[in-house]
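Residue numbers for the sequence shown follow UniProt numbering, so the first one is 1 and each next one is one higher.
The block underneath contains the structure these notes are about, expressed in structure tokens.
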Amino acid sequence: MPGTQQGTHPAGRVITFDEGPHTYIDDRGDSYTSFTRLIHNYFPQFEAEKVASRIAKKRGKTVPELLQEWADAGEDASDYGTRTHENCEYRMKGMPEPNTARDERERATFANAVAVVDYLKSKYQFIAAEKILFSPRCLVAGTVDLLMADCNVLWILDYKTNKAIKRTGYGMGLGPLAHLVNCNFEHYAMQLSLAEVVAKLEGYIPRDTICRRALIHFPPMAAPEFIETPNRSGECYEMLIDYVSNYNRVPF
């Protein structure tokens, strides 16, 4: 069931994340744009009805049938991803995993998750899981799946359960991200770099902290992948400046 989670800013402000509507609201009543939503605003949007009307007949379906099929697949993928994330988080914290596999896909993924989490715990120092990072000056917020340390390096990690991490896509980004390919790899690279930028900008970590970023990908019925992502901090600063300029203020 959807619930709420709270995070505390280094300056003392408290934010609440409500999983149901996916909203972030702080203790002063300010509403925040999520990292995911902010980044999506800088890429072309998927026009489901337009695409469905073009390909439905070829697939022997009506447009409503195809749209419902996509909606059902999205809901299933979201549930599968949430259950995998929960098991990873609980095991990382030394607690029993809350979810038991319901099918062969989950049996394979949950077993891979156990192996990956145990390996990470043996290799790195655990810092935090499901860490909320937010910027009162920019009004953006997001949750990082996992933070771990390797000597003087901070790893910012994100679990993914997509069928594939794609480096090709349709079109390019918008505005300050116009040079980036519109694909999930670049979206995720931006998310991880934005987490780093906000963590440094808001004082969660020292600004000279060495950070690396990676996806821990659990493809269905396949071996997990560790995919390091590039540093997109420059793009994140440009995106934040463009975003906050709508409020006629650049807070850094």
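The beta carbon of each residue, even a glycine, is placed where N, CA and C say it ideally should be.
Out of Asp-150, Glu-130 and Asn-112, the CA that lies nearest to the CA of Ala-141 is found in Glu-130. About 16 Å separates the beta carbon of Phe-226 from that of Thr-84, a gap too long to meet the 8 Å contact definition. The beta carbons of Thr-229 and Tyr-188 sit closer together than 8 Å. Judged by their CB atoms, Ser-31 and Ile-25 are nearer to each other than the 8 Å cut-off. Note on the segment 86-138: whole alpha helix (DSSP H) runs with a minimum of 4 residues are 104-123, in chain order.
Rounded to whole angstroms, Arg-105 and Arg-91 show a C-alpha spacing of 19 Å. Note: Glu-228 is bridge-paired with Ala-214 in the DSSP secondary-structure output. Approximately 33 Å separates the beta-carbon atoms of Asp-76 and Gly-175; this is outside 8 Å, ruling out the contact. By the CB criterion at 8 Å, Gly-173 and Tyr-42 fall inside the cutoff.
Burial check for His-179: the Cβ neighbour count within 10 Å stays below 16, so the residue is exposed. The C-alpha of Thr-16 is placed about 31 Å away from the C-alpha of Asn-112.
Annotation for Asn-182: Phe-43, Pro-44, Gly-169, Tyr-170, Gly-171, Met-172 and Gly-173 place their beta carbon closer than 8 Å to its own, counting only its chain and skipping 5 residues before and after. Burial check for Val-116: the Cβ neighbour count within 10 Å reaches 16 or more, so the residue is buried. Using a 10 angstroms sphere on the CB of Lys-123, the tally of other CB atoms stays under 16, which defines it as exposed. Setting aside the 5 residues that flank it on each side, Ser-53 is surrounded in the same chain by Val-63, each with a C-beta closer than 6 Å to its C-beta; the list follows chain order.
In the displayed model, Met-239 falls within a helix according to three-state DSSP.
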